[in-house]
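Here the sequence shown is numbered in our numbering, starting from 2 and rising by one per residue. To keep things clear, I will list the structure first and then write my remarks on it.
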Amino acid sequence: MDWKRKWVLGFGSVLLVLLSHISSALEVPLDLPQPPTITLQSPKDYIFDPRENIVIHCEAKGKPHPGFSWTRNGSHFDVEKDSKVLIKPGSGTLVIDISGEKAEAYEGTYQCTAHNEHGTAVSNSIVIRQSRSPLWSKERNEVIVVQMGVPLVLQCRPPAGLPPPVIFWMDNNFQRLPLDKRVTQAINGDLYFSNVLPEDSRPDYICYARFPHTQTIQQKQPISVTVLDNSPEGERHPGFMLPMGTSSTKMVLRGETLELECIAEGLPTPEISWQKDGGELPSSRLSFSNFKKTLKISDVNEGDGGDYRCTAENSLGTAHHIIKVNVKAAPFWVSAPRNLILAPNETGILTCRVSGEPKPKITWFVNGVSIENAPEDHSRKVEGDTVILSNVQSGSSAVYQCNASNEFGYLLANAFVNVLAEPPRVLTPPNRVYQVITNNPALLHCASFGSPIPIITWFKDSQTSIKNGDPYVIHENGTLEIHVAQPLNSGKYTCIATNNLGIKENHVFLEVKEPTRILKQPEYKVVQRGMSATFECKVKHDPSLQPIMTWLKDSGELPDDERFEVGMDSLTIRGVTDGDEGTYTCIMNTSLDQDSASAMLTVVEATPTPAIIYEKPDPPSDLELTDQADRTVQLTWIPGDEHNSPTQKFLIQYEDLLHQPGVWVNLTEVSGTSTTAQLNLSPYVYYSFRVLASNHVGTSEPSQPSSQYRTNPAAPDENPSNVQGAGTEPGNIVISWTPLTGFQSNGPSLEYRVQWRQKDVDEEWSSKTVANVSRFVVTGTPTYALYEIKVQALNDYGSGPEPGVVIGYSGEDLPLTAPDSVQVMVHNSTLAEVHWEPVPLPSVRGKLQGYKVYYHRERGLHEPEGETKQQEEQVLIFSGNRSEGRLPGLQPYSIYNLSIKVFNSKGEGPPSPSKKFETPEGVPGPPSFLNVVNPSLDSLTLEWGPPEKNNGRLAGYTLKYQPVNNSSELGPLKVMTLLANETTITLSSLNSSMLYKFYLSAKTIKGSGPIITEEAFTVMDSAHTQPTVVAGKAPPVGPAFGTVNMSVSEEGAVISWDYFGQHKNFYVEYSVENSKEDWKKELVNGSHWHMIKGLKPGTLYKVRVVARDPADPTVHKTNEVLVTVPAVPSRQVDIATQGWFIGLMCAIALLILVLLIVCFIKRNKGGKYPVKEKEDAHQDPEIQPMKEDDGTFGEYSDTEDHKPLKGSRTPSNGTVRRDESDDSLVDYGEGGDGQFNEDGSFIGQYSGKKEKDTHEGNESSEAPSPVNAMNSFV
């Protein structure tokens, strides 16, 4: 503890400089000198395709522009001596042309260096490797003969490629082999059978390997399996096929995905389940696959280590396997070093904080050279993960590299130290105009640069200094934010950037505009065919913005038809037709905002008869129950009259005459065209049904109830919900739950079986059956112990499903021990920081809630002991497992006493030993009074009292006074210093009949306290005391209120105002216009704007602002302002749900299908023989690379000697080239590219396209394969 405190004191100033440089995160303008910074580099592990050039990226910036050099395998790589290697101009990126060359020659570890006169930056070590897809080793597979019911493993064992291949199993017809909980493909590609069945017999189990980089697929020789049923295996307990034994280990790196698999054999087929011993599985990062045989946890962290238990279970028993997971970690950043920009003689820190398992080793470099071998620099000090640079000088710029490594990887970071002396510059363009809508936030930018870092200050209208606080916020990057912009915020703003080398200012302008609002929205129209329809859309907007009104029909443009006439604020449709029916939307756009509203147009048949009357439908009738079963019944009915509006839906309700007579509950809904419904029922219910019909006008009255239908009792289908366990006293646990309703009981005599046992203790479940209660108290439990709880429902007909286990805790008790090692550090006269040693968690005997610090002031240091009344004890609560806290609001120059208690939900523990501490002196309070006595023609006598709070040793008083003439102008100020024991003074030689103003303050060694003021005349008959006038404030002359503004947003109505009076309390009052309602009143918290929420849409309100004060009977009010709340826009219709749109899409799809069939038939008339005959001529097919663009095959080859077929050519480096073969599968194509069905079956023929030469390396000459439509499988 002492060492840490010394370190903080010794480097406090260093930390302040560091924090100031980090928080600013400045970017050096590129016109200033700066060391190199690498901006782009290739990944650490780069696997290249031998058919393409190798491109190794290395880009950097700096001033002057950096030069580049490379190393390969630790030695200098001379790019100019290799004609195949090019370096891109202006960068360090390498382009290696490997055509006609052996790609292996360029494998290795590359590193890029960027350097200029200010330093050297280095890239990561980039490992370059060639992708490989080697051939499958030749083997002869014997026929596997097994008895039905035994387990079986078919090994794949693919060749090791780079990167590793993706494995899948198929048959000769290129169909995926079905996998289920009995048949499993393991992570390594092997195929596992928990038990074989006769249908598993087949001669064509084929393992395929797909190599992603080269886009090639290879196949293993088919495996033949025969299953005999003459002596079948009997049922048996589960056993593990993978992994073997009862336990195994698994190592995983932090941040990777943990994959655990358990494959079990047994008959019947076992079910797999997982759990973590001593912990919970992380549900947010957890997933299962392969029928729960594979468990995956993404983004692994240290807490995922431990024992994972895999359980295989069938009807004969269970088997367990424990996988011990160890989590290691490659180095990862806690805090990477960041660039430092320092002025001469400044101090800074580079910090390289990493973590990992095992702990990484940190090595520092300067300009690419180990710091131990770098030129000595007395201003530089290295302390582990920190480099301290003290009093840096011009010309000492450099790039520092931090390398953190362990056995699992490394991290490398560059951070430059740029020593600059640069006056401020403002990067934001001058005279920029910002426009924003009222009540929206406004951001005014002031990006700057300088060294030392400039300080940003803001002024409004070149006069008013802007400070942090409502409504302004000044961000660290200099941006000024106004949370809720109002018209009064408009104006000119000036930002000033200052450092010790100069000052720079920039002007920007803010314009706050009125919002755009639709005052009158278009309304729903029902128009007869041939008539006209008009939609109105009246808008209010800011006069300085140019609005554009746009009309849409069904979210698209209006038809190009002269019948559609768009006016200033309306849309008229002449001669309406059926095609005009739809949703019409008006949109008003400005450059800053928009508003929109929609309405529907319905076109009806033109008729001379009176207008059609639309009414809600009549209730259905003749309800009948048929197809009666225990859990279902069919209900039919006859619809009532629709009254010119089609029925949209029918609602079916039921009444439970046994449990809730007289209560009708919604059961289901069906479409308005149905007259029957299949109803799902619950047991032990006396049902009665009724039906209601709905159209766009409303809902009908209910139908007459159906006949009663009683369902038979059954065991409960569910258990109680919201099961909880919590102790109320030491030694008990209260188990509670939400009971089942009578409807959920499914039968008579509903009871609950309550079970409990202590977690992680080898004991049996305790059980108690109760009825008609929702809680049960278990006594005699240990204090604050973890319990497993289950509550199961049962009735006369059986038990509910197996309940889930809930975790609860028994009752808590008071903590046993007090915090130890209490220490107090006093920061200043009013703030102290207390530290303590937390108590051991077992001694808390409950859930740790936090710590309470009790403290009180005993006396002032200037007061004798025993003469000061002890102040009331105060308490501060620090939640959670804390070890420190701050005590604010202390009285200066005082002695305090404190103690600390830990507390849980039950209460507080014993107090710690009391600890005393003292606060230093502060500034005193104001003098207790100031009076003027004995005025004469040329003198006045002042009397005053000492401060009520000295806050230290009183050092004296400062008296200032000055004359005030008849026009309230102040004369010259005179200053006097008085002794601490003086409480009166007579001022002589004053002007007669003159008003004087006096300012008096007390002081200690910490400075002067607040002033107290007084005024008096020198003439006796004119002497009087005037109230203090606050500078800049004057009593209002004329109206107390100024401008009042109103606006309406989606959240409510916003009112803002100017006020020049003295009142402090404002109220916003509002009421509905032309109503007799009383004014509603809302108090405003100190600001000059307020939002009224909860107003009714489409309603006109009157609003006013009232200012009043309890000490002043005068009340100020504004004039009433009228505001209209916009109505809610009409509902829009999605085009994707319209019948005409769906029909059009179906017609287009059908036309495309017909064209494809015609093309397919024409191409099949070429007379070529199909590929199947070609396959029969080759008994041992393997797979060639496929083109990525069309999926065609390569040539067939004889896998015994790997020779190409007739007409193909093989280059000297072993790469099979695709030339114009005289006898190739590409000539036998009978259709387009090969494809697979959704179920994995091969539906296409081999493609007939030819491709240009491709280089596969000397290990990638493979036989033909299915087209790369197979890629969709993996």
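Note that CB positions come from ideal geometry on N, CA and C, so glycine has one too.
Give the DSSP bridge partners of G1140, in chain order. Secondary-structure assignment with DSSP links G1140 through no beta bridge to anything.
Using only alpha-carbon positions, find the residue among A772, S900, I613 and L658 that is nearest to S646. Of A772, S900, I613 and L658, the residue nearest in Cα terms is I613.
Please report the distance separating the alpha-carbon of N302 from that of G280. Between the alpha carbons of N302 and G280 lies a distance of about 14 Å.
Where S994 and N966 are concerned, what is the direct C-alpha to C-alpha distance, given to the nearest angstrom? Distance from the CA of S994 to the CA of N966, rounded to the nearest whole angstrom, comes to 10 Å.
Based on DSSP bridge pairs, tell me the residues matched to N501. BP columns for N501 are empty, so no partner.
Once you ignore the five residues that flank V184 on each side, which residues in its own chain have a CB closer than 6 Å to its CB? For V184, where only same-chain residues beyond five positions count, the Cβ hits under 6 Å are F194.
Whole angstroms are fine: how far does the CA of Q186 sit from the CA of R211? Their backbone Cα atoms lie some 15 Å apart in a straight line.
For the beta strand (DSSP E) that contains G886, what are its first and last residues? First-last of the beta strand (DSSP E) with G886: E885 to L888.
Can you list, in chain order, the residues of its chain with a C-beta nearer than 7 Å to that of L155? Leave out the 5 residues immediately preceding and following it. Apart from sequence neighbours up to five positions away, the residues of its chain that approach L155 with a beta-carbon distance below 7 Å are D191, L192, Y206 and I224, ordered along the chain.
Could you pull out every residue in the same chain whose Cβ sits closer than 7 Å to the Cβ of F930, ignoring the five residues on either side in sequence? Within its own chain, the residues whose Cβ lies closer than 7 Å to the Cβ of F930, once the five positions on either side in sequence are excluded, are W945 and G946, listed in chain order.
One question on the structure: do P239 and A265 come within less than 7 Å of each other, judged by their Cβ atoms? Against a cut-off of 7 Å, the Cβ pair of A265 and P239 comes out as a contact.
With contact counted as at least three CB pairs below 8 Å, one residue from each stretch, are the region 259-274 and the region 289-297 in contact? The answer is yes - the region 289-297 touches the region 259-274, with three or more Cβ pairs under 8 Å.
Going by DSSP, what residue range makes up the alpha helix (DSSP H) through F744? Counting along the chain, the unbroken alpha helix (DSSP H) around F744 starts and ends at G743 to S746.
Roughly how many whole angstroms lie between the Cα atoms of K1250 and R1164? Confidence at K1250 is low in this model, with a pLDDT of 36, below 50, so its placement is unreliable and no value can be given for it.
Name the one or two DSSP bridge partners that R758 has. Beta-bridge pairing links R758 to E789.
Beta-carbon spacing of L648, A678 below 7 Å: Before going on, a small fix: residue 648 reads as Thr here, not Leu. At a Cβ-Cβ threshold of 7 Å, T648 and A678 do not count as neighbours.
Use the C-beta contact count for W1058: other C-beta atoms within 10 angstroms, 16 or more gives buried, fewer gives exposed. Burial call: buried.
Output needed for A1178: all residues of its chain with C-beta closer than 7 Å, excluding positions within five of it in sequence on either side, in chain order. Confidence at A1178 is low in this model, with a pLDDT of 37, below 50, so its placement is unreliable and no value can be given for it.
Can you tell me whether DSSP reads S285 as helix, strand or coil? In this structure, S285 counts as helix in the three-state DSSP scheme.
Anticipated Cβ contact below 8 Å, F450 with R426, distance rounded: Their Cβ separation, rounded to whole angstroms, is 6 Å, which keeps F450 and R426 in contact under 8 Å.
Residues that DSSP places opposite A161 in a beta bridge: DSSP, once it has assigned bridges, lists no residue as partnering A161.
Buried or exposed for W766, please, with buried defined as at least 16 other CB atoms from any protein chain shown within 10 angstroms of its CB. When all chains shown are included, W766 counts as exposed.
For the beta strand (DSSP E) holding V845, just list the boundary residues, first then last. For V845, there is no enclosing beta strand (DSSP E); the enclosing alpha helix (DSSP H) has its first and last residue at L842 to V845.
Please report the distance separating the alpha-carbon of S1091 from that of H508. Residue identity differs from the one stated: residue 1091 is His in this sequence, not Ser. H1091 and H508 have their alpha carbons spaced roughly 30 Å apart.
Under the three-state reduction of DSSP, which class applies to K1097: helix, strand or coil? Secondary structure of K1097 (DSSP, three-state): coil.
Please state if the CB of P472 and the CB of I483 are separated by a distance shorter than 7 Å. The answer is yes: Cβ separation under 7 Å.
Check whether D797 and S750 have beta carbons under 7 Å apart: Cβ distance < 7 Å, so D797 and S750 count as in contact.
Let me know the secondary structure DSSP gives T121 once reduced to three states. Here T121 sits in strand by DSSP.
Under a Cβ-count criterion, where at least 16 other Cβ atoms within 10 Å of its own Cβ denotes burial, should C538 be classed as buried or exposed? Under this definition C538 is a buried residue.
Buried/exposed call for P1011, threshold 16 Cβ in 10 Å: Only exposed fits P1011, as fewer than 16 other CB atoms lie within 10 angstroms of its CB.
Below 8 Å, how does it come out for the region 340-349 and the region 405-425: are there three or more Cβ pairs, yes or no? Contact holds: three or more Cβ-Cβ distances are below 8 Å.
When the Cα of E864 is compared with those of T985, P841 and L955, which residue comes out closest? Per the C-alpha coordinates, the member of T985, P841 and L955 positioned closest to E864 is L955.
Quick one: what's got a C-beta closer than 6 Å to S395's C-beta in the same chain, skipping five residues either side? Excluding positions up to five away in sequence, the list reads P345 and V420.
Using the beta-carbon count (16 or more within 10 Å), is I504 buried or exposed? It is exposed - the Cβ of I504 has fewer than 16 other Cβ atoms within 10 Å.
Going by CA-CA distance only, name the one from V924, V86, T348 and S336 that's closest to V355. Of V924, V86, T348 and S336, the residue nearest in Cα terms is S336.
If we ignore side chains and look at the alpha-carbon of each, how far apart do R52 and I97 end up? When only Cα atoms are considered, R52 and I97 end up about 12 Å apart.
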